[in-house]
Amino acid sequence: MKSYLVTGAAGFIGSNYLKYLLTRYDDVQVVALDLLTYAGYLGTIADDIDSERCFFVRGDIGDRALADRLFAEYKFDTVVNFAAESHVDRSIENPQLFLETNILGTQNLLDAARRAWVTGRDADGRPTWRAGVRFHQVSTDEVYGSLGEEGFFTEQTPLAPHSPYSASKASADMIVCAYRDTYGMPVSITRCSNNYGPYQFPEKLIPLVINNILEGKKIPVYGRGDNVRDWLYVEDHCKAIDLVVTQGAPGCIYNVGGHNERRNLQIVETIIRTVRRLMEEEPARRTLLKRQETGPDGLPRIDWIDESLISFVKDRLGHDLRYGIDPTKITNDLGWRPETDFETGIEKTIRWNLDNHAWVEAVSGTDYQNYYEKMYAGR
Ligand code: NAD
Ligand code: TDX
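Just so you know, we're using this note's numbering here: the sequence shown kicks off at 14 and counts up by one.
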């Protein structure tokens with residue numbers, strides 16, 4: 014039985030990974046550690062928690078006593094660290110929280126792992142490690158900064174983050190590498206492009222657009238919508254992490270992405286078109302719309318779901334122009350390839366958001382409404 018600590022497991026990617034892990038392997042035991050900040054929702058993983066294979070602990074990755082207690086009690090051999098403050102816009106408003114969680118929280122977990130996993134010293138004084146242990150850090154392509162019109166990020170691209178969020182993630186990566194280089198700790202890092210799929214918090218572009226259409230609100234597009242992101246369906250990311258954790262060499266770093274680059278405006282237009290088509294094909298879905306004026310056919314109208322909803326707003330400060338991943342290394346070394354193309358993935362994601370509107374409503378309560386008003390007011 015392998016014993017995993019999965020942090021941030023009640024968030025978007027962490028919850029998808031937890032479900033993937035429990036479905037894929039019978040012989041794993043998992044502690045899901047999550048502080049349940051605004052971005053974590055226990056309901057997302059409630060059905061996955063049981064008394065045998067998956068235990069939930071509410072707590073902070075920066076809490077030393079808690080981390081030591083969990084390592085002692087569950088004898089983890091694998092840590093997968095998803096826990097983070099993850100939203101770039103929020104990092105511009107409150108950088109300190111990002112540094113505390115993303116850098117110091119990661120360092121605290123690394124130290125707890127070191128205390129639990131070091132078995133002694135070799136003749137040269139170097140730490141010796143329990144066999145088969147691994148600390149995996151979930152990182153982002155944003156650590157590389159921004160690309161121009163051409164080229165892709167490889168693992169050799171120098172780190173050049175711009176936002177407080179990406180600077181905190183780059184710092185965490187460097188600390189992880191420092192533990193590898195100084196103590197010989199068996200670590201790995203994946204740097205992934207933008208994820209999308211089920212259970213993504215509605216502050217992020219794709220669920221925000223879907224939700225705003227249902228709410229009958231304008232869709233805020235930063236600048237002219239020319240920025241490019243490289244989109245990856247979340248399940249493909251989970252599979253890549255699993256491969257790296259179980260088969261990647263200790264110390265390795267892998268970029269994860271699938272050449273699905275799109276301009277933001279393209280994304281928004283695709284979502285508008287798809288939501289409208291799904292409402293045409295399945296009129297019962299129109300009950301989700303806040304705007305309920307009926308048309309001549311007696312059904313709620315949907316002719317307003319078009320590009321007129323788009324509102325070009327003030328740009329994000331320091332907005333990175335383009336991200337694009339070169340996934341050659343993970344494909345060659347581990348045989349990973351994305352399985353979901355963007356057209357399939359975006360329709361699945363939109364359907365998921367429509368089918369699970371109760372989940373969206375549960376996570377976007379008053380706190381989110383207040384955040385939205387503040388973040389977008391006067392933009
Ligand atoms: P998310 O914001 O949806 O989830 C983060 C989770 O971490 C939440 O459940 C939150 O409650 C928890 N958390 C926050 N602070 C904590 C703390 N101090 N202690 C314990 N738990 C805490 O984020 P996400 O989109 O799922 O991202 C997960 C990881 O993947 C992050 O490290 C992020 O940097 C990275 N990443 C995200 C993307 C993306 O597109 N979303 C892409 C590449 C990498
Ligand atoms: O209202 C919006 N309007 C808009 O134009 C929002 C929320 C975003 N955008 C733009 C900004 C970005 O160019 O859309 C693009 C995507 O924005 P986000 O969904 O906020 O993602 P991004 O900033 O690219 O970062 C995401 O991918 C990398 C995750 O939030 C990070 O955690 C991850 O590391």
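All C-beta atoms in this analysis are idealised placements derived from N, C-alpha and C, irrespective of residue type, glycine included.
Given the structure is predicted, the values throughout are model-derived calculations rather than measurements.
Beta-carbon proximity list for residue i, same chain, < 7 Å, skipping 5 on both sides
i           : result
residue 228 : 303
residue 28  : 22, 57, 58, 212
residue 159 : 175, 333, 334, 335
residue 323 : 232, 234, 281
Inter-residue CB distance, residue i and residue j (contact presumed, cutoff 8 Å)
i           : j           : result
residue 176 : residue 261 : Going by Cβ atoms, the distance from residue 176 to residue 261 rounds to 27 Å, so no, they are not a contact pair.
residue 204 : residue 125 : Actually they do not touch by this definition, with Cβ atoms about 23 Å apart.
residue 269 : residue 220 : Contact flag wrong, Cβ pair sits at about 21 Å.
residue 196 : residue 127 : 6 Å
residue 238 : residue 193 : Rounded, the Cβ-Cβ distance is 40 Å, inconsistent with contact.
Own chain, CB closer than 8 Å to residue i, minus 5 neighbours either side, in chain order
i           : result
residue 287 : 359, 360, 363
residue 300 : 313
residue 102 : 216, 329, 388
residue 119 : 74, 94, 150, 185, 188, 189
residue 48  : 71, 72, 73, 74, 96
residue 353 : 246, 248, 249, 361
residue 33  : 248, 251, 252, 255
residue 31  : 19, 22, 43, 45, 58, 61, 67
Check: residue i C-beta below 6 Å from any heavy atom of the ligand NAD
i           : result
residue 99  : yes
residue 70  : no
residue 208 : yes
residue 52  : yes
residue 285 : no
residue 355 : no
residue 214 : yes
residue 153 : yes
residue 89  : no
residue 254 : no
residue 348 : no
Alpha-carbon spacing of residue i relative to residue j, whole angstroms
i           : j           : result
residue 187 : residue 388 : 31 Å
residue 114 : residue 380 : 20 Å
residue 165 : residue 74  : 33 Å
residue 345 : residue 230 : 45 Å
residue 198 : residue 144 : 11 Å
residue 225 : residue 17  : 37 Å
residue 139 : residue 130 : 13 Å
residue 19  : residue 91  : 8 Å
residue 52  : residue 214 : 6 Å
residue 79  : residue 337 : 38 Å
residue 253 : residue 153 : 13 Å
residue 99  : residue 311 : 43 Å
residue 284 : residue 182 : 29 Å
residue 240 : residue 104 : 19 Å
residue 386 : residue 167 : 38 Å
residue 132 : residue 116 : 26 Å
Cβ shell of residue i (< 6 Å), same chain only, five flanking positions each side left out
i           : result
residue 69  : 45, 62
residue 150 : 94, 189, 202
residue 327 : 392
residue 315 : 289, 292
residue 257 : 201, 203, 267
residue 347 : 256, 260
residue 170 : 157
residue 66  : 42
residue 3   : Only positions 14 to 392 of the chain appear in the structure, and residue 3 is not among them; the question remains open.
residue 271 : 245, 351
residue 349 : 253, 256, 343
residue 308 : 314
Check: residue i C-beta below 6 Å from any heavy atom of the ligand TDX
i           : result
residue 387 : no
residue 217 : yes
residue 235 : yes
residue 366 : no
residue 242 : yes
residue 277 : yes
residue 172 : no
residue 112 : no
Exercise for the section: Scan the segment 226-288 and note each continuous beta strand (DSSP E) run of 3 residues or more that stays entirely inside, going in chain order. Expected result: Listed in chain order, they are 232-235, 241-243, 266-269, 274-276.
Practice task
Jot down the residue ranges of each uninterrupted beta strand (DSSP E) in the segment 115-183, minimum 3 residues, whole runs only, in chain order.
Solution key: Complete beta strand (DSSP E) runs here, min 3: 131-134, 140-142, 147-153.
Exercise for the section: Quick one: which unbroken beta strand (DSSP E) runs of 3-plus residues sit fully inside the segment 33-85? Chain order, please. Expected result: Restricting attention to beta strand (DSSP E) runs no shorter than 3 residues, the segment 33-85 encloses them at 41-47, 67-71, ordered along the chain.
Practice task
Enumerate, from N- to C-terminal direction, the unbroken beta strand (DSSP E) stretches of 3 or more residues contained entirely within the segment 85-115.
Solution key: 91-94, all fully within the segment 85-115.
Exercise for the section: Just list the alpha helix (DSSP H) runs in the segment 324-391, keeping only unbroken ones of 4 residues or longer that don't cross its boundaries, in chain order. Expected result: Qualifying alpha helix (DSSP H) stretches, in chain order: 341-347, 355-368, 370-376, 379-389.
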